[in-house]
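A.B. asks: Each residue of the sequence shown is one higher than the one before, counting from 26 in the numbering used here.
All residues carry an ideal CB built from backbone N, CA and C; glycine is no exception.
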Amino acid sequence: MKILIEKEAFPYLLTQEIIAKYPYEIISSYEEFHWEAGAFPASVISLGKKYLFLMRFRGRFFRNCPGTKNYLCCGYKIFHFAEGCLFDCTYCILQVYLNRPGIKLWANLIEEGFPELETVLDNAKREGRVLRIGTGEFADSMVLEPFGGVSEKLINFWEEKDPWAVLELKTKAFIKETYFKKFKPNPKIIFAWSVNTPFIIQSEEIGTPSLDQRLESAKLAVAHGFTVAFHFDPIIFYENAEIEYPKVLERILNEIPWEKIAWISLGTLRYPKELKYIAEERFPKTKIYSYEFIEGLDMKKRYFIDLRKRLYQNLAKLIKETEDKIAFYFCMESERVWKEVLGKPFENPEQVVQLLDKVAYRLCQG
26 MKILIEKEAF PYLLTQEIIA KYPYEIISSY EEFHWEAGAF PASVISLGKK YLFLMRFRGR
86 FFRNCPGTKN YLCCGYKIFH FAEGCLFDCT YCILQVYLNR PGIKLWANLI EEGFPELETV
146 LDNAKREGRV LRIGTGEFAD SMVLEPFGGV SEKLINFWEE KDPWAVLELK TKAFIKETYF
206 KKFKPNPKII FAWSVNTPFI IQSEEIGTPS LDQRLESAKL AVAHGFTVAF HFDPIIFYEN
266 AEIEYPKVLE RILNEIPWEK IAWISLGTLR YPKELKYIAE ERFPKTKIYS YEFIEGLDMK
326 KRYFIDLRKR LYQNLAKLIK ETEDKIAFYF CMESERVWKE VLGKPFENPE QVVQLLDKVA
386 YRLCQG
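Written out as structure tokens, the structure is:
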């Protein structure tokens, strides 16, 4: 990966850490960088994964999850540390949302991002509010660890501050035991893996670790005193999907102690209509956009509700066996799906927030 540093980002501490380890080039600005590729966006998106830009971020580091209107949102909070991903999944929504290619890491995190986060955490603790904060919305939380170790810094920050908050690090990465050994046990740190069936991982999650590797990492996280979570998102329809997704959940429930699992989320494939054209140009072999979709209330394409319920139904049988010992929730689903699949008559986002905040509260109490 080629490291390019904006001139104004050079003095920051994170930049200095990275240039002490890796060769780099200084550029005047990201906007003036010339992409030597074909027509945007497809070819430049692929090329962009070979470049890491260190830039000064001028917006807010702490923000609400960009939930979707008309569906139930979980009230998640985001610490925005980077944009872009080294993995190359055919369904990745960042292909549409990030119309500026390349992997971008915010050089001013330590000087400006962490103080902003500290203020938020201090206020929440003083007011007795529990927070659920994650970093995996616009970038994989762990893939960029060799470049600046942002997650390591956050874990140490949590140890130092002991906030009234949990930190969720969402990833598809394989994490070695040497990484977990760096830290003291801390149940407030949640290592969360996006999981899928072996078929989808091989065909649609290009360059990502296998399901076996992800579960191995989860076991290591638990062994070293951390909490874990799992996200079945997106659940993708194909011929054997209704058989193979429950097998993945069954493995998790058999191999990971239930009391160490914070939550498990479920969500089927959904996407802005523009994604289909970009993804099919970049990945001609993908078949996931060839099924029938409707335009949802959020203007995103999604499966018909009956198909979504079918995909969830066999998972729901296993979920009921856990007898509410694990918090399961849907990501961006309707009240009808919540009621008919999980038997929870949730009518507003606050009920989802309460479900997950209860878990966070327990983890913060130790």
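With Ser-53 and Lys-32 assumed to form a contact (beta carbons below 8 Å), what rounded beta-carbon distance in angstroms separates them?
C.D. replies: The count along the sequence shown starts at 1 and reaches residue 53 at position 28. The count along the sequence shown starts at 1 and reaches residue 32 at position 7. The Cβ separation is near 6 Å, so the contact holds.
A.B. asks: Do Ser-166 and Gly-173 have their C-beta atoms within less than 9 Å of each other?
C.D. replies: In the sequence shown, residue 166 corresponds to position 141, counting from 1. In the sequence shown, residue 173 corresponds to position 148, counting from 1. No. Outside cutoff.
A.B. asks: For Ala-394, does the count of other Cβ atoms within 10 angstroms reach 16, so buried, or fall short, so exposed?
C.D. replies: It is not possible to answer for residue 394, since the shown part of the chain is limited to 26 through 391.
A.B. asks: Counting Cβ pairs closer than 8 Å, one from the region 298-307 and one from the region 249-269, do we hit at least three?
C.D. replies: Result no; under three Cβ-Cβ pairs closer than 8 Å.
A.B. asks: Report buried or exposed for Ala-45, applying the criterion of at least 16 other Cβ atoms within 10 angstroms of its Cβ.
C.D. replies: Locating residue 45 in the sequence shown gives position 20, counting from the first residue. So Ala-45 ends up on the exposed side.
A.B. asks: Could you name each continuous alpha helix (DSSP H) segment of 4 residues or more that falls completely within the region 316-357, going from the start of the chain to the end?
C.D. replies: Listed in chain order, they are 330-346.
A.B. asks: Under a Cβ-count criterion, where at least 16 other Cβ atoms within 10 Å of its own Cβ denotes burial, should Thr-144 be classed as buried or exposed?
C.D. replies: By one-based count along the sequence shown, residue 144 stands at place 119. Its Cβ having fewer than 16 others within 10 Å, Thr-144 is exposed.
A.B. asks: Look up Thr-203 in the DSSP assignment and say whether it is helix, strand or coil.
C.D. replies: As a working note, residue 203 is residue 178 in the sequence shown. Thr-203 falls in the helix class under three-state DSSP.
A.B. asks: Going by DSSP in three states, Lys-369 sits in which element: helix, strand or coil?
C.D. replies: Here residue 369 corresponds to residue number 344 of the sequence shown, with the count starting at 1. If DSSP states are grouped into helix, strand and coil, Lys-369 belongs with coil.
A.B. asks: Return the chain-ordered ranges of every alpha helix (DSSP H) run that is complete within the region 41-126 and spans a minimum of 4 residues.
C.D. replies: The region 41-126 contains these whole alpha helix (DSSP H) runs: 67-73 and 119-122.
A.B. asks: Would the region 110-117 count as touching the region 90-97 if we require 3 or more Cβ pairs under 8 Å?
C.D. replies: Contact between the region 110-117 and the region 90-97 is absent, because fewer than three Cβ pairs lie under 8 Å.
A.B. asks: Who are Val-247's beta bridge partners in DSSP?
C.D. replies: Stepping through the sequence shown from its first residue, residue 247 is reached at position 222. Answer is none; Val-247 lacks a bridge partner.
A.B. asks: For Arg-154, which residues of its own chain have a beta-carbon under 6 Å away from its beta-carbon, when the five flanking residues on both sides are left out?
C.D. replies: As a working mapping, residue 154 is identified with position 129 in the sequence shown. Cβ within range, chain order: n/a, list empty.
A.B. asks: Is it buried or exposed, Thr-233, if we count other Cβ atoms within 10 angstroms and call 16 or more buried?
C.D. replies: By one-based count along the sequence shown, residue 233 stands at place 208. Burial call: buried.
A.B. asks: Opposite Gly-159 in the DSSP bridges: which residues?
C.D. replies: Here residue 159 is taken as the residue at index 134 of the sequence shown, counted from 1. Gly-159 pairs with Ile-103 and Glu-193.
A.B. asks: Quick check on the burial criterion: 16 or more other C-beta atoms within 10 angstroms. Buried or exposed for Asp-349?
C.D. replies: In the sequence shown, residue 349 corresponds to position 324, counting from 1. That one is exposed.
A.B. asks: With a 10 Å radius around its C-beta and 16 neighbouring C-beta atoms as the bar for buried, classify Pro-126 as buried or exposed.
C.D. replies: Taking the first residue of the sequence shown as position 1, residue 126 is located at position 101. When all chains shown are included, Pro-126 counts as buried.
A.B. asks: If you scan the region 213-283 from start to end, which runs of the alpha helix (DSSP H) of 4 or more residues do you find wholly inside it?
C.D. replies: If we require 4 residues or more, the alpha helix (DSSP H) runs fully inside the region 213-283 come out as 223-229, 236-248 and 266-280.
A.B. asks: Which residue wins for smallest C-alpha separation from Tyr-386, given the options Leu-336, Trp-189, Glu-269 and Asn-373?
C.D. replies: As a working mapping, residue 386 is identified with position 361 in the sequence shown. That would be Trp-189, whose Cα lies nearest to the Cα of Tyr-386.
A.B. asks: Can you tell me whether Arg-157 is buried or exposed? The criterion is at least 16 other CB atoms within 10 Å of its CB, across all chains shown.
C.D. replies: The residue given as residue 157 occupies position 132 in the sequence shown. Buried, because 16 or more other Cβ atoms sit within 10 Å of the Cβ of Arg-157.
A.B. asks: Closest to Asn-211 by C-alpha separation, out of Ala-217, Glu-184, Gly-84 and Tyr-314, would be which residue?
C.D. replies: In the sequence shown, the residue the question calls residue 211 occupies position 186. Taking only the C-alpha atoms, the option nearest Asn-211 is Glu-184.
A.B. asks: Can you name the residues that DSSP bridges to Glu-31?
C.D. replies: Start at 1 with the first residue of the sequence shown, and residue 31 comes out as number 6. Answer by DSSP bridge pairing, in chain order: Ile-52.
A.B. asks: According to DSSP, is Asn-5 helix, strand or coil?
C.D. replies: Here the chain comprises residues numbered 26 to 391, so residue 5 is not present and cannot be evaluated.
A.B. asks: If we count the other Cβ atoms within 10 Å of its Cβ and call it buried at 16 or more, is Ile-30 buried or exposed?
C.D. replies: Locating residue 30 in the sequence shown gives position 5, where the first residue counts as 1. When all chains shown are included, Ile-30 counts as buried.
A.B. asks: With C-beta atoms as the reference, is Ala-341 less than 9 Å away from Ile-281?
C.D. replies: Here residue 341 is taken as the residue at index 316 of the sequence shown, counted from 1. Here residue 281 is taken as the residue at index 256 of the sequence shown, counted from 1. Result no, Cβ atoms of Ala-341 and Ile-281 do not sit closer than 9 Å.
A.B. asks: I'd like the span of the beta strand (DSSP E) that includes Thr-144, first residue to last.
C.D. replies: Within the sequence shown, the letter at position 119 stands for residue 144. No beta strand (DSSP E) holds Thr-144; the alpha helix (DSSP H) holding it covers 139-152.
A.B. asks: For Glu-15, I'd like the list of residues in its chain whose CB is within less than 8 Å of its CB, leaving aside the five on either flank, ordered along the chain.
C.D. replies: A query on residue 15 cannot be resolved here, the shown segment of the chain reaching from 26 to 391 and no further.
A.B. asks: Arg-81 and Ala-132 - do their beta-carbons sit closer together than 9 Å?
C.D. replies: In the sequence shown, residue 132 corresponds to position 107, counting from 1. In the sequence shown, residue 81 corresponds to position 56, counting from 1. Cβ atoms of Ala-132 and Arg-81: closer than 9 Å.
A.B. asks: Starting from Lys-129, trace the beta strand (DSSP E) both ways and give me its first and last residue.
C.D. replies: As a working note, residue 129 is residue 104 in the sequence shown. Per DSSP, Lys-129 belongs to the beta strand (DSSP E) from 128-131.
A.B. asks: Let's test the definition: count the other Cβ atoms within 10 Å of the Cβ of Met-324 and tell me whether it reaches 16, buried, or not, exposed.
C.D. replies: The sequence position of residue 324 within the sequence shown is 299, counting from 1. Label assigned to Met-324: exposed.
A.B. asks: Rank Lys-75, Tyr-101, Thr-93 and Ile-135 by C-alpha distance to the C-alpha of Leu-111 and give the top, closest one.
C.D. replies: For this step, residue 111 is matched to residue 86 along the sequence shown. With distances taken between Cα atoms, Leu-111 lies closest to Lys-75.
A.B. asks: Suppose contacts are defined by Cβ-Cβ distances below 9 Å. Is Ile-277 in contact with Leu-332 by that definition?
C.D. replies: Translated into positions along the sequence shown, residue 277 becomes position 252. Translated into positions along the sequence shown, residue 332 becomes position 307. No. Outside cutoff.
A.B. asks: Less than 6 Å between C-beta atoms, sequence neighbours within five positions excluded: which residues of the same chain meet that for Ser-228?
C.D. replies: As a first step, residue 228 is located in the sequence shown; it is residue number 203 there, counting from the start. Nothing meets the Cβ criterion.
A.B. asks: Which residue wins for smallest C-alpha separation from Gly-109, given the options Ile-135, Val-168, Glu-141 and Lys-213?
C.D. replies: As a first step, residue 109 is located in the sequence shown; it is residue number 84 there, counting from the start. Residue Val-168 is the option with its Cα nearest to Gly-109.
A.B. asks: Quick check on Ile-70: buried or exposed, where buried means 16 or more other Cβ atoms within 10 Å of its Cβ?
C.D. replies: Locating residue 70 in the sequence shown gives position 45, counting from the first residue. So Ile-70 counts as buried.
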